[in-house]
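To convert, note that position 13 of the sequence shown is 349 in the numbering used here; the numbers rise steadily by one, no gaps.
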Amino acid sequence: MNPKSNPAFWQDLAGALALGVLVFATLHLPLFS
Numbered sequence: 337m338n339p340k341s342n343p344a345f346w347q348d349l350a351g352a353l354a355l356g357v358l359v360f361a362t363l364h365l366p367l368f369s
């Protein structure tokens, strides 16, 4: 399977990455403030 020919793959990857960053930021918010 060629990932470049599967937009849904990249959409899911971007969604998972964004969710991970959001969770990471939420958990580490006290360290930044």
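Glycine is no exception: its CB is placed at the ideal position from the N, C-alpha and C atoms.
Predicted model, so just to flag it, every value in this text is computed and none were measured.
Other residues of its chain near residue i: CB distance less than 8 Å, five sequence neighbours each side excluded
i	result
residue 340	none
Whole-angstrom distance between residue j and residue i, CA atom to CA atom
i	j	result
residue 352	residue 363	16 Å
residue 342	residue 350	13 Å
residue 361	residue 355	10 Å
residue 344	residue 357	20 Å
residue 367	residue 348	29 Å
7 Å Cβ shell around residue i - same chain, five flanking residues per side excluded
i	result
residue 359	none
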